[in-house]
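Worksheet: one structure, shown below.
In the numbering used here, the protein residues as written are 23 to 173.
Below is the structure:
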């Protein structure tokens, strides 16, 4: 009888160890993205949107104007907001006016199973100053990863 109870105990222990081992190797639904992934997604999005002349068109959500822009760079650092939103800030210049810069923000997630852009906004618009020349005037700022409009 003692042998029988010992066998049952060992079988139970072995089963629980096997189950614990399986759960340790179960893939998670949430994938972690790194700087290279975010920048690569941004570059792919830009390549997909530009026309044959490298012009990126974006409707300004405030003015309704269609902006015709050329890509300049992605700012460092790119960010993760919360657990599943990624963010990149970029510079684009107005076609034919390389000093007239827009700062565009892009949000992305992987709800489709692949990291994709789901929102873009003009963060800073070009303004002229006799003292400084062209500068970027912010439309909003971030407070605790939330947009706070300045005007």
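Beta carbons: idealized from backbone N, C-alpha and C, even for Gly. Given the structure is predicted, the values throughout are model-derived calculations rather than measurements.
- When the alpha-carbon of residue 164 is set against those of 121, 58, 139, 103, the nearest one is in 103.
- One alpha carbon belongs to residue 151, the other to residue 76, and they sit about 29 Å apart.
- Fully contained in the stretch 77-106 is no alpha helix (DSSP H) run of length 4 or more.
- Annotation: the continuous beta strand (DSSP E) that includes residue 163 extends over 162-165.
- In terms of Cβ geometry, residue 83 and residue 143 form a close pair [threshold 9 Å].
- 130 is the residue among 130, 118, 134, 56 whose C-alpha sits nearest the C-alpha of residue 67.
- DSSP, read as helix, strand or coil, puts residue 73 in coil.
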